[in-house]
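In what follows, a single structure is set out as structure tokens and then discussed.
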């Protein structure tokens, strides 16, 4: 499902630098999943990635830079949005994708590790925010097209509708610990759709707040 | 705003044991806010609380037990629900309270620290889930009373409506990093209210899913 990896502008696509980055990021991901952020050791990452220690220290320098680069890579590889033809269908596809990701053993552990790391480090937090901004921008057209189709009111804040789909899923995942399954995903999508139809996400709110 | 502290059944209310617990939990809270979970040292907590080290080691034994007890204490002190007479009003009061808590410098740092700690420790996660379960149960009557008043359909899942109010606020706080303010709180409450009125939180969903 992920789109083909796109190496950022500073790398030669498919070249040695890109291959090194891919191997190092994969090793960093493994370390995060197994040990969390505090378990990341650059020398160990280099060993696992079969890359010279000097390369890893010179290129990334610290675990937090490495994790920020991993988050940027995750954003680049984020799954393309759905185009089912209805807002309910698109949002449901989005919610189910989020649930599949968060309940996947590896991906779930990875998200917990990076979110925990972001609570204690500003640079990691910025990379995390960029990841979500990219994801929200990818899915926002589902809402703008629903506006064009007349499914939801003019002026609906597309990003906020996309956030509203993920929010109850992350709340369960990180805070309340309530179960996460397909039914929960569908309900999150349907609730966001209902609220959007009712104009709850129209900006400026003043005219529709009550 | 917090209700008066209620010592749990195993303590003599207001006695020395309760005073020791309060001092130790306050010191643990300070340590979490300043250094995060990994910065908690029982000897240092005892010193700050002006309590004997032996007492702290015997009673709590480890940082994770101490943090779990802090979360149980936070649940006991959780703010009483609003009774404004309308679902929109009650949910708005709830959302504004959550935003005030998460944007408060001390409380925000405390929540980030315990949520981060819960990602890596099952016992802390269970205490965190108890905290949210207590909070959700406290606010659920706002929804059941709205059902009785006919504001939202019979069979509305009250807990899920309460979760839906907090969810977009926590999503911004922990994941996307988008701003948290009173307008965001009001919109979260209003969206949950709209979705509830539309029947999005009625169980079983099958009859109202589409």
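Residue numbers (UniProt numbering), protein chains in the order written: chain A, 1 to 210; chain B, 1 to 210.
All C-beta atoms in this analysis are idealised placements derived from N, C-alpha and C, irrespective of residue type, glycine included.
- For chain B, the residues of the segment 9 to 38 of chain A that bring a beta carbon within less than 8 Å of one of its beta carbons are 36, 38, in chain order.
- Here DSSP, grouped into helix, strand and coil, assigns residue 84 of chain B to coil.
- Under the Cβ distance rule, residue 119 of chain A counts among the residues neighbouring chain B, one pair being separated by less than 8 Å.
- Residue 202 of chain A is bridged by DSSP to A:156.
- In terms of beta-carbon proximity, residue 168 of chain B lines the interface with chain A, with at least one pair separated by less than 8 Å.
- Taking a 10 Å sphere around the C-beta of residue 53 of chain A, we find fewer than 16 other C-beta atoms and assign the residue as exposed.
- In this structure residue 192 of chain B is not in contact with residue 167 of chain A, their Cβ atoms being roughly 10 Å apart against a cut-off of 8 Å.
- Residue 60 of chain B: not part of any alpha helix (DSSP H); DSSP gives it neither H nor E.
- Here residue 161 of chain A has 143, 192, 196, 201 as same chain residues with Cβ atoms under 6 Å from its own Cβ, once five neighbours each way along the sequence are excluded.
- Using a 10 angstroms sphere on the CB of residue 62 of chain A, the tally of other CB atoms stays under 16, which defines it as exposed.
- When the alpha-carbon of residue 99 of chain A is set against those of A:204, A:203, A:179, A:199, the nearest one is in A:179.
- Distance between residue 44 of chain B and residue 132 of chain B, taken at the CA atoms: about 29 Å.
- Taking residue 48 of chain B as reference, the option from B:59, B:72, B:22, B:64 with the minimal CA-CA separation is B:22.
- Contact check between the segment 26 to 36 of chain A and the segment 75 to 82 of chain A: fewer than three CB pairs, one atom from each, fall below 8 Å, which does not count as touching.
- Check the Cα spacing between residue 24 of chain B and each of B:60, B:149, B:170: the tightest is with B:60.
- Cβ atoms of residue 75 of chain B and residue 165 of chain B stay farther apart than 8 Å, at about 18 Å.
- For residue 105 of chain B, the number of other beta carbons within 10 angstroms of its own is below 16, and it is reported as exposed.
- Going by beta carbons, residue 29 of chain A and residue 102 of chain A fall outside the 8 Å limit.
- No Cβ-Cβ contact shorter than 8 Å links residue 31 of chain A with residue 68 of chain A.
- With its beta carbon less than 8 Å from one in chain B, residue 115 of chain A belongs to the interface.
- Residue 168 of chain A sits in a helix when the DSSP states are folded into three classes.
- Counting C-beta atoms within 10 angstroms of its own C-beta, residue 90 of chain A has 16 or more neighbours from the protein chains shown and is therefore classed as buried.
- The shortest C-alpha to C-alpha distance from residue 204 of chain B to any of B:141, B:120, B:157, B:149 is the one to B:157.
- DSSP places residue 104 of chain A in the coil class of the three-state scheme, outside both helix and strand.
- Here residue 73 of chain A has 25 as same chain residues with Cβ atoms under 7 Å from its own Cβ, once five neighbours each way along the sequence are excluded.
- Nearest to residue 182 of chain A by alpha-carbon distance, out of A:125, A:97, A:42, A:18, is A:97.
- Taking all protein chains shown into account, residue 41 of chain A has fewer than 16 neighbouring C-beta atoms within 10 Å of its C-beta and is therefore exposed.
- Judged by their CB atoms, residue 159 of chain A and residue 140 of chain A are nearer to each other than the 8 Å cut-off.
- The shortest CA-to-CA distance from residue 130 of chain A to any of B:129, B:130, B:177, B:138 is the one to B:177.
- A straight-line Cα-Cα distance of about 42 Å links residue 125 of chain A and residue 154 of chain B.
- The Cβ of residue 176 of chain A sits closer than 8 Å to at least one Cβ of chain B.
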